[in-house]
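Residue numbers (the working numbering), protein chains in the order written: chain A, 17 to 154; chain B, 43 to 256. Don't be surprised by glycine CBs; every beta carbon is placed ideally from N, CA and C. Predicted, not measured: the structure shown is a model, and the values here were computed from it.
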Amino acid sequence: MRLVRQAQLILLAALLPASLTAAFHPRRPPWFQPALAQGEEMLPTVLAWGDNVLWVDARSAEEYGTDHVPGALLLNLESWDQLFPKFLDGWAPGKKVVVYCSAGTCELSREVAERLRKNGISSVFVLKGGWEAWKTRK
Amino acid sequence: MKYFLFQLCVFAGSAFGQLAWETTEQTFNSKPQDKEVVAKYKFTNAGPKPIKIQNVRTSCGCTTAALNKTDYAPGESGDIEAKFTFAGRTGRQEKAISVDTTANPEQPTILKLHVYIQETVKIEPEVVLWRVGEQPDPKSIHIVIADDASAKIVSITSDNPALKVKLTEVKPGKEYEAQITPDSAAQPAAATVMIRTDYPPDNPETKYAYARIK
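Dropping the structure here:
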């Protein structure tokens, strides 16, 4: 009986710091991991790739001009013929290409990624959550 | 169902004193010979007060938006006519029309126009790649003409003499193959391949493909 009570006390003592960690730790794991579509990646994963990433902005030139991920190249379907050669000049084999658009539901980033893959560009990903995910990063 | 949704929008509009739009998003699939699309966005003033449309802006110089009048009494309907001129654009296009009204000056309504413009001349792939140090074997680009067109490739040229291009007709007027061969893949190199066609006759299309040694 005494043994059970001691075990309960130890559990209770551990519960308090564990709860605080779960609630406030800046790098706590998420409770729910959002489902990723094929070819999609979460921002923390992309950030962990460091400099080995070529960002591609699939939004309009106007939105890109207002703000974009530092170093990102503009490449959208609207001006593909003008922008694709610039992408080829900036791209290097071995670099991971991450395409983003203006919202989580935006299809443009998926379409740009698909067109790049069809052209033989490997390691092309779509940023889950798009530009908004980048803007609200911690 | 559509009528019910529209009624729901009118109700929602009246609740906030705004314009109720029949739809704010339209999608078109165009044929290669089309030059433009015209989309009408219908609305009703569902609020209790007159509404003035203060400004209508488009996201691109290629799109115009026309409005018959600017002031709408309660219950009055109207429409905005958006015209998107292709001017050589192909593939998926997304245009936005922003509408400012006195009902909600801080929050413009965004009307969207999605257009898929079919290509007359399709290039697959658009780029051929070699890694530096790879064998300089030839690589092919397929040129396919759309079903309802017939086009000849008038000329095909590479802007880099070290990356040579040779054209073969697979199906007359419908399908071609361009073979690109680098003299050597020992160093990085780049070439733009210009493909001139005779279609459409009034403004023949020129397409581009690319070769890179990286």
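- Taking the Cα positions, residue 151 of chain B is about 50 Å away from residue 32 of chain A.
- In this structure residue 128 of chain A is buried. Its beta-carbon is surrounded by 16 or more other beta-carbon atoms within 10 angstroms.
- Residue 176 of chain B: not part of any beta strand (DSSP E); DSSP gives it neither H nor E.
- In the three-state reduction of the DSSP assignment, residue 238 of chain B falls in the strand class.
- For residue 136 of chain B against residue 143 of chain A, the beta-carbon gap comes to about 18 Å, at or over 8 Å, which does not count as contact.
- Residue range 146-151 is occupied by the alpha helix (DSSP H) that includes residue 148 of chain A.
- Under a criterion of Cβ atoms nearer than 7 Å, the residues of chain A adjacent to residue 256 of chain B are, in order, 108, 109.
- The continuous alpha helix (DSSP H) containing residue 33 of chain A extends over residues 18-40.
- Taking a C-beta distance under 8 Å as the contact criterion, residue 160 of chain B and residue 73 of chain B qualify as a contact pair.
- Nearest C-alpha to residue 98 of chain B among B:121, B:116, B:80: B:121.
- The beta-carbon of residue 182 of chain B is placed no less than 8 Å from the nearest beta-carbon of chain A.
- With respect to chain B, the C-beta atom of residue 112 of chain A has no partner C-beta closer than 8 Å.
- For the stretch 75-92 of chain A, the set of positions with a beta-carbon nearer than 8 Å to some beta-carbon of chain B reads 76, 78 in chain order.
- Cβ contact annotation for residue 168 of chain B (same chain, cutoff 7 Å, sequence separation greater than five): 251, 252, in chain order.
- Here residue 67 of chain A is exposed, its C-beta having fewer than 16 other C-beta atoms within 10 Å.
- By the rule that beta-carbons nearer than 8 Å mark a contact, residue 101 of chain A touches chain B.
- For the pair of segments examined, the stretch 198-205 of chain B was found to touch the stretch 220-235 of chain B: the number of CB pairs separated by less than 8 Å reaches three.
- Fewer than three beta-carbon pairs drawn from the stretch 217-229 of chain B and the stretch 64-78 of chain A are found closer than 8 Å, and the two stretches are therefore not classed as touching.
- In terms of beta-carbon proximity, residue 241 of chain B stays away from the interface with chain A, with every pair separated by 8 Å or more.
- Among the bridge pairs identified by DSSP, residue 72 of chain B is matched with B:159.
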